Amino acid sequence: DTAVSQTPKYLVTQMGNDKSIKCEQNLGHDTMYWYKQDSKKFLKIMFSYNNKELIINETVPNRFSPKSPDKAHLNLHINSLELGDSAVYFCASSLAGAEQYFGPGTRLTVT
Amino acid sequence: GENVEQHPSTLSVQEGDSAVIKCTYSDSASNYFPWYKQELGKRPQLIIDIRSNVGEKKDQRIAVTLNKTAKHFSLHITETQPEDSAVYFCAAEFGGYQKVTFGIGTKLQVIP
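For the record, the sequence lines run as chains A and B. Heads up, the first sequence is in our numbering, so the first residue is -15 and it goes up one at a time. Heads up, the second sequence is in our numbering, so the first residue is 551 and it goes up one at a time.
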């Protein structure tokens, strides 16, 4: 009965590769998010979807492309990975204007 | 643009003492202010939140105060315990766009 799940939990890959992270929520929320948390623990929003529509797209390189096939899923695809992409990526979901529930995070290491 | 400033970035207190973390925000239209706790290696989790029609909210040892005129809000933890040690993030929802901007986080260490 996990609320927000992400896969994989760990991802180690080489520069230049393409990778995807998947996120699913079973809370019936209408809004989903992707955050990047760097080594200094700063939580930076990347994208937000409401009812499958993109509503927030922060200044993120276009190598990052989110996809929301339905309200319960928000995936993140990253092309041409760079060293600076190494971070923990958190998915989250909420009802509009309410508490966000975070997934367990995906630790991405680019070598 | 939207901005949330949080301080201090690190805070050490003796067990049993109180801890206070302060945040300011830039958008006067903000109306939702959550606080999240992130333990080492884990996900952020909501510990308390406050909306703009309320000035203070308490939940056991945790309280949050909001001053909309001054655009600042604070987290107060009383009778701190070692398990309170974590990184605490304040946040503010901006402009009704469901965008929650986080502060930089405060690493709280409670010394037994």
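Built from N, CA and C at the ideal position, the CB exists for glycine as well. Note that the coordinates shown come from a computational prediction; the quantities given were computed from them, not determined experimentally.
Legend entry - Pick from ILE654/B, LYS592/B, GLU629/B that is closest to ALA641/B, judged by C-alpha positions: ILE654/B
Inset, instruction - Tell me the start and end of each unbroken alpha helix (DSSP H) in the stretch 624 to 660 of chain B that is at least 4 residues and wholly inside, in chain order. - result: none
Inset, instruction - Output the distance between the C-alpha atoms of PRO584/B and ILE600/B, rounded to the nearest integer angstrom. - result: 6 Å
Legend entry - DSSP state of ASP22/A mapped onto helix, strand, coil: coil
Legend entry - Neighbourhood of LEU11/A by C-beta, 8 Å cutoff - its chain only, sequence neighbours within 5 removed: ALA(-13), VAL(-12), SER77, TYR85
Inset, instruction - Please state if the CB of LYS657/B and the CB of VAL637/B are separated by a distance shorter than 9 Å. - result: yes
Legend entry - Given 8 Å, three or more beta-carbon pairs between the stretch 8 to 27 of chain A and the stretch 565 to 579 of chain B: no
Inset, instruction - Give a yes or no on whether the minimum CB-CB distance between GLN595/B and chain A is below 9 Å. - result: yes
Legend entry - Rounded C-alpha distance that separates TYR33/A from SER4/A: 17 Å
Inset, instruction - Quick one: which residues of the stretch 27 to 51 of chain A get their C-beta closer than 7 Å to a C-beta of chain B? List them in chain order. - result: LEU27, ILE29, SER32, ASN34, ILE39, ILE40
Inset, instruction - Starting from the beta carbon of ALA643/B, find every residue of chain A whose beta carbon is closer than 8 Å, and list them in chain order. - result: The displayed chain sequence assigns Glu, not Ala, to residue 643/B. Ordered by position in chain A, the residues that pass the 8 Å Cβ test against GLU643/B are GLY81.
Inset, instruction - Report the residue ranges of all beta strand (DSSP E) runs contained in full by the stretch 559 to 620 of chain B; include only those spanning at least 3 residues, in chain order. - result: 560 to 564, 569 to 575, 582 to 588, 595 to 601, 606 to 609, 612 to 617
Inset, instruction - Just the C-alpha distance for PHE48/A and ASP567/B, rounded to the nearest angstrom, thanks. - result: 44 Å
Inset, instruction - Hey, could you find the ends of the beta strand (DSSP E) ALA71/A is sitting in? - result: 71 to 78
Inset, instruction - With a cut-off of 8 Å on the beta carbons, I'd call LYS(-7)/A and THR90/A a contact; round off their distance for me. - result: 6 Å
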